[in-house]
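One rule links them: number in the numbering used here = place in the sequence shown (from 1) + 3. Following: one structure in structure tokens, then a few remarks.
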Amino acid sequence: MFFLKVNIVSMLYALMIAITIQLMLNVCRISRLTEWTIDTVNIVSSVIIISGFILCSVFLINLTKRWLSETKARYCNVILWLPYFVLFVYMTTSLFPITYQGDVPNTASGLMAIGALAVFPFYILLTSLVKKNEQGWYV
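Spelled out as structure tokens, the structure:
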């Protein structure tokens, strides 16, 4: 059961960053399909990314505290999210391939995605270190 809990938490971390990156990279596709302007899609996706990131952070901190707080296995999430992320991205690109060449993301979006992926393990480590006692949150 413990193995399952560690993998579920890692899968949720990977899903969080995969959705964020997919929203970032598919702005042109979303704009074309919804017939919104690119500015509108950027604003809506930014709001979804920021609010989703905050909500998922609170949820995952509480879930990690509840399921994995007594063990050092909570630090395994720093590495275990990566295979799930690759699986989610592979599934997304297989199910929804780019058929219209105008939907290809620009290089700046790719660089932002690389930066987000480089920082994300440190984010997971920080959320794994956060604990709550009677006085409040601390690291």
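Even for Gly, the Cβ is constructed at its ideal location relative to N, Cα and C. Predicted model, so just to flag it, every value in this text is computed and none were measured.
| Asked | Found |
| --- | --- |
| Is the Cβ-Cβ distance between Thr102 and Gln25 less than 9 Å? | no |
| So, using beta-carbon positions, are Leu18 and Phe123 closer together than 9 Å? | no |
| Is Ile127 near Asn80, with beta carbons less than 9 Å apart? | yes |
| Just how far apart, CA to CA, sit Val30 and Val107? | 10 Å |
| In terms of residues, what are the limits of the alpha helix (DSSP H) holding Gly113? | 110–132 |
| Any chance you could list the alpha helix (DSSP H) runs of at least 4 consecutive residues sitting entirely within the stretch 80–105, in chain order? | 80–98 |
| With a threshold of 6 Å on Cβ separation, who are the neighbours of Ala76 within its own chain once the five nearest residues in sequence on each side are excluded? | Val9 |
| For Ala116, which option in Ala21, Gly55, Val47 has the closest C-alpha, if you only look at C-alpha atoms? | Ala21 |
| Taking the Cβ atom as the reference point for each residue, do Cys59 and Leu15 lie within a distance shorter than 9 Å? | yes |
| Is Thr23 buried or exposed, if buried means 16 or more other CB atoms sit within 10 Å of its CB? | buried |
| To the nearest angstrom, how far is the alpha carbon of Leu83 from that of Ile11? | 10 Å |
| Would you mind reading off the limits of the alpha helix (DSSP H) that contains Val50? | 41–71 |
| Taking Cβ positions, are Gln39 and Val50 nearer each other than 9 Å? | The sequence shown places Trp at residue 39, not Gln. No, these two residues do not count as a Cβ contact at 9 Å. |
| Using three-state DSSP, classify Met14 as helix, strand or coil. | helix |
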